[in-house]
Amino acid sequence: MAINPLDDLRAAHEGEYFSKRDRALIDQLRAKLAVERAALDLEQAGVHDSELAAALAELGINRDTVPMLHLVPMIQVGWASGSIEQAERDLLEMAARQSGVEEGSAAWEAFQKMLKSPPDRKFYDAALAYIVAMEPESGRKSLLDTARSVANATGGLFGMLGNVERAERDALTELAGRLGVH
Numbered sequence: 320m321a322i323n324p325l326d327d328l329r330a331a332h333e334g335e336y337f338s339k340r341d342r343a344l345i346d347q348l349r350a351k352l353a354v355e356r357a358a359l360d361l362e363q364a365g366v367h368d369s370e371l372a373a374a375l376a377e378l379g380i381n382r383d384t385v386p387m388l389h390l391v392p393m394i395q396v397g398w399a400s401g402s403i404e405q406a407e408r409d410l411l412e413m414a415a416r417q418s419g420v421e422e423g424s425a426a427w428e429a430f431q432k433m434l435k436s437p438p439d440r441k442f443y444d445a446a447l448a449y450i451v452a453m454e455p456e457s458g459r460k461s462l463l464d465t466a467r468s469v470a471n472a473t474g475g476l477f478g479m480l481g482n483v484e485r486a487e488r489d490a491l492t493e494l495a496g497r498l499g500v501h
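Here this note's numbering is used: the first residue of the sequence shown is 320, the next is one more, and so on.
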């Protein structure tokens, strides 16, 4: 039987390949378990729809950040014009504090991140699904009223004329429809 001088090299490459593959599979499994754990935490925190809990967990929402989900639609209205103005920021921060999002908390940090960069559509949709599932109509109406205040904060000429920009008006119309309130 002839000995191939490349057998040792081939065996080393196979070992390296399978080792990398195993590490990647283990990393994927860990990530999946982390999402499942976060989804279970969300269910224990009151999100009783397991599919919604899983979707939120996949987006990085956990028990500590879930309190800021109510702010996402208001933030989206603020971003509709392309940027969040200082008056809008002030109003949003006041709304965050009033809803129990404490400065320095994970929810506050996630909230502040969205003030710097708008949440993507998938995140926005998941937040709305959470709100519709968890909030009674009166809570959704209150949220819409606050979103209108955000839009009015800088509407028109330096916020003095009360005219809401078209993009913000469109965002409010969509929000009202999605929340099922007017």
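Cβ coordinates follow ideal geometry from the N, Cα and C atoms, glycine included.
Where the alpha helix (DSSP H) through D489 begins and ends: Element bounds for D489: 485-498.
Buried versus exposed call for I394 [16 or more other C-beta atoms within 10 Å across all chains shown]: The residue in question, I394, is buried, as its Cβ has 16 or more Cβ neighbours within 10 Å.
Short Cβ contact (8 Å threshold) for W406 with A472: One detail in the question is off: residue 406 reads as Ala in this sequence, not Trp. Against a cut-off of 8 Å, the Cβ pair of A472 and A406 comes out as a contact.
The alpha helix (DSSP H) enclosing P372, as first and last residue numbers: It should be noted that the sequence gives Ala, not Pro, for residue 372. Segment 369-377, the alpha helix (DSSP H) holding A372.
Inter-residue Cα distance where the pair is K441 and R329: K441 and R329 have their C-alpha atoms spaced approximately 45 Å apart.
P455 classed as buried or exposed, judged by whether at least 16 other C-beta atoms fall within 10 angstroms: The residue in question, P455, is exposed, as its Cβ has fewer than 16 Cβ neighbours within 10 Å.
S418 versus P386: straight-line alpha-carbon distance, rounded: Approximately 8 Å, taken between the alpha carbons.
Collapsed DSSP secondary structure at P324 in the structure displayed: Three-state DSSP puts P324 in coil, outside helix and strand.
Same chain, Cβ closer than 7 Å to L463, neighbours up to 5 away in sequence not counted: L494, A495, L498, V500.
Backbone CA spacing between P274 and A373 [nearest angstrom]: The requested residue 274 is not part of the displayed model; the chain covers only 320 to 501.
The alpha helix (DSSP H) enclosing M387, as first and last residue numbers: For M387, no alpha helix (DSSP H) encloses it, and the DSSP letter there is neither H nor E.
Bounding residues of the alpha helix (DSSP H) (the contiguous stretch that carries D409): Run containing D409: 405-417, per the alpha helix (DSSP H) assignment.
Selected residue, minimal CA-CA separation from V396, among R467, R416, Q363: Closest by alpha carbon: R467.
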